[in-house]
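Residue numbers (the numbering used here): 308 to 1058.
By construction, the Cβ of each residue, glycine as well, lies at the ideal position given by its N, Cα and C atoms.
So the structure is just underneath, and the comments pick up after that.
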């Protein structure tokens, strides 16, 4: 009985195991790509599973329906990616062996699929793949040969290096040699140094150059000796490649902290480059930089020589190397030469001093601050601002107050960005007392630096009696507009004691009001103060309302534009003409329509109205977005604007305003605009302008109403105004074509 029970359990277990492994090809692929849970498998079971999955994918990867192949090719790739994950070596080996076996046995495999299999071996193959890949390097299929070479290049096993070396020994064609040499260089195997050294003597310079590059990647003493042997010969086509290879080896040695070894190589190459002829400048530059960085004692002398070289690339190399050097000696040596250098080199050295914040260079920088070359003085100011010392700050401030044009500006710019406690203390002290000119400079710097507490200081200085100080403070508040209280600033503008200070105050008030969170409230504050004053102060406050906008401010400005007081009326009309909101258009049109309006006010009103009519049109992309989201265009609004635009056109006093109105119609896509523009084309005085506006309107209408746009373009073509306009109309017509309509070729049509 026990025996029978045991047999039953065993048979049941076998049936479960068999069921677990009896998967369809699709199920196996899902499991072997990690997209579905699969049973545990030993090596033999893995091989069986991968073979079944590959057999399932193979015909699908070469199906007659080409478009369907890609998905199955990616499935094979995904299997490789999953098998190559860390900790899954058994799966990687099993899949690689299956792919090798499949490639060996499937002699008639479709070419693309065969290439795909080799590419997967490039991604996951190791020792098990090498024999097949070595064989494939002799394949009749050129692409298969190169895919095999690439796979061996990526293969980490030592046998892959042996296979590549064997193939190189018998290679004849230059391109194939180069590919093999590059692969060996990437393997970085010391066993490749000898054959690569031999390849340096290849009759084809491209092959020899590739060998130099491969040796540089392998590195080591033997590779370096082989490359130095090339430099020992007369300069030839491979000399520069060998020199660059040595520079690359030295670079890796320096990165590995073998500074002395790197310095020897850099020095030797630099000496060779200095004596040899026809050496690329890049080789000499790289070697020079290496010497300066790795050998400070010698490098400092070389940097001094290079910074005075006639070649600007060599001068730049000295600066770059000094920047990379761990020694200050090079920078200090370059600083000592500062007064004697060419202006471009002075700028470079000053940039180096500033970036490294080298305090010992301060006196040298001060000497060139007054240079006649603006670029040099600007660089000196920037260097002093980066040094940030008390002396630097004082020097810059003196130049900011008393220097000539370029030096003064450079000093002011330098102080504006200097971040140091010494600079903060100096500028605050200079702003608080002293002569008005110096205080004004310091106050301006306070605004630019935007330090904490600046807003309060500026408001206090703005209240002072001295016009220079007060105006400077008002101007500086523009830089801290977001931190200024509208009411406080408005009060100061009202109390300003001079026209200069008041003008600066209004400019500041506009900036502050424009950044106010509650513009309606800001407008009321200004209006309240405006109602309490008269004369220039009232007019100044009135002009500041253009930065606020809104209904309350608009009413105040509109009332002013109708005032019996000529000065107030002038200020009101000017403010209306600069208004930011479309709501000002009716008032502007009324002013323009009044025959009694003086010409200067008429022009202001017309131009202001047309600007707002055109400006307020919603961008075409937003209109299209609105339509897609179920929000219809407000055609009534466009129509009403077109009516106002045509009113201006009909009542225009001069041809200049008529042309402006015609241009504005081009921004209003509606039937009224279309009809009026086509009518105006018949007016000889506006023919060209109207036709151009019509074609611009047609172009703007393409996204919203293609048929209407192209119909308008056709009508413009029929009018045959000019070659240029015909070309633009043709462009509209040919935009995705118009059924039954062929765009005309060339320019002006025949009469």
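Cα-Cα separation, residue i to residue j
{"i": "residue 697", "j": "residue 726", "result": "11 Å"}
{"i": "residue 792", "j": "residue 689", "result": "34 Å"}
{"i": "residue 562", "j": "residue 638", "result": "22 Å"}
{"i": "residue 503", "j": "residue 490", "result": "11 Å"}
{"i": "residue 362", "j": "residue 486", "result": "33 Å"}
{"i": "residue 380", "j": "residue 420", "result": "8 Å"}
{"i": "residue 907", "j": "residue 916", "result": "14 Å"}
{"i": "residue 1039", "j": "residue 1016", "result": "7 Å"}
{"i": "residue 612", "j": "residue 627", "result": "14 Å"}
{"i": "residue 986", "j": "residue 798", "result": "55 Å"}
{"i": "residue 667", "j": "residue 643", "result": "10 Å"}
{"i": "residue 758", "j": "residue 460", "result": "60 Å"}
{"i": "residue 478", "j": "residue 508", "result": "15 Å"}
{"i": "residue 946", "j": "residue 895", "result": "18 Å"}
{"i": "residue 994", "j": "residue 885", "result": "30 Å"}
{"i": "residue 811", "j": "residue 781", "result": "6 Å"}
{"i": "residue 501", "j": "residue 454", "result": "25 Å"}
{"i": "residue 474", "j": "residue 344", "result": "44 Å"}
{"i": "residue 788", "j": "residue 636", "result": "47 Å"}
{"i": "residue 523", "j": "residue 492", "result": "8 Å"}
{"i": "residue 543", "j": "residue 633", "result": "36 Å"}
{"i": "residue 856", "j": "residue 790", "result": "20 Å"}
{"i": "residue 827", "j": "residue 834", "result": "11 Å"}
{"i": "residue 960", "j": "residue 887", "result": "25 Å"}
{"i": "residue 641", "j": "residue 718", "result": "23 Å"}
{"i": "residue 510", "j": "residue 481", "result": "10 Å"}
Same chain only: Cβ atoms within 8 Å of residue i, ignoring 5 sequence neighbours per side
{"i": "residue 669", "result": "691, 694, 696, 698 and 699"}
{"i": "residue 809", "result": "800, 803, 843, 844 and 847"}
{"i": "residue 737", "result": "704, 745, 746, 748 and 749"}
{"i": "residue 395", "result": "389"}
{"i": "residue 382", "result": "336, 340 and 364"}
{"i": "residue 674", "result": "645 and 646"}
{"i": "residue 731", "result": "756 and 758"}
{"i": "residue 866", "result": "879"}
{"i": "residue 832", "result": "793, 794 and 797"}
Whole-angstrom C-beta distance between residue j and residue i, which should lie under 8 Å
{"i": "residue 429", "j": "residue 369", "result": "No, residue 429 and residue 369 are not in contact; Cβ-Cβ is about 20 Å, not under 8 Å."}
{"i": "residue 470", "j": "residue 440", "result": "7 Å"}
{"i": "residue 880", "j": "residue 829", "result": "Between residue 829 and residue 880 the Cβ distance is about 22 Å, and since that is not below 8 Å, they are no contact."}
{"i": "residue 437", "j": "residue 467", "result": "5 Å"}
{"i": "residue 579", "j": "residue 550", "result": "7 Å"}
Pair within 8 Å by beta-carbon distance, residue i and residue j
{"i": "residue 878", "j": "residue 852", "result": "no"}
{"i": "residue 953", "j": "residue 983", "result": "yes"}
{"i": "residue 554", "j": "residue 537", "result": "no"}
{"i": "residue 1061", "j": "residue 569", "result": "Residue 1061 lies beyond the residue range present for the chain, which begins at 308 and ends at 1058; the question has no answer from this structure."}
{"i": "residue 387", "j": "residue 431", "result": "yes"}
{"i": "residue 1020", "j": "residue 998", "result": "no"}
{"i": "residue 1004", "j": "residue 980", "result": "yes"}
{"i": "residue 1087", "j": "residue 967", "result": "No statement about residue 1087 is possible, as the shown extent of the chain runs from 308 to 1058 and does not include it."}
{"i": "residue 1136", "j": "residue 585", "result": "Nothing can be reported for residue 1136, as the shown portion of the chain is limited to 308 through 1058."}
{"i": "residue 516", "j": "residue 557", "result": "no"}
{"i": "residue 714", "j": "residue 723", "result": "no"}
{"i": "residue 435", "j": "residue 404", "result": "yes"}
{"i": "residue 654", "j": "residue 683", "result": "yes"}
{"i": "residue 962", "j": "residue 992", "result": "yes"}
{"i": "residue 820", "j": "residue 777", "result": "no"}
Contacting residues, own chain, Cβ-Cβ under 6 Å from residue i (five flanking each side not counted)
{"i": "residue 785", "result": "815 and 818"}
{"i": "residue 566", "result": "601"}
{"i": "residue 775", "result": "743 and 747"}
{"i": "residue 1002", "result": "1023, 1032, 1035 and 1036"}
{"i": "residue 677", "result": "714"}
{"i": "residue 925", "result": "Here residue 925 scores only 43 on pLDDT, less than 50, and its place in the model should not be relied on; the value that follows carries that caveat. Contacts found: none."}
{"i": "residue 357", "result": "401, 402 and 405"}
Sequence-distant residues of the same chain with beta carbon closer than 7 Å to residue i, five excluded per side
{"i": "residue 874", "result": "846"}
{"i": "residue 652", "result": "614 and 622"}
{"i": "residue 592", "result": "620, 621 and 624"}
{"i": "residue 672", "result": "657, 660, 687, 690 and 691"}
{"i": "residue 547", "result": "586, 587 and 590"}
{"i": "residue 527", "result": "497"}
{"i": "residue 350", "result": "397 and 401"}
Residue i Cβ short of 7 Å to the ligand SAH heavy atom set
{"i": "residue 481", "result": "This structure does not include the ligand SAH; it has no bound ligands of any sort."}
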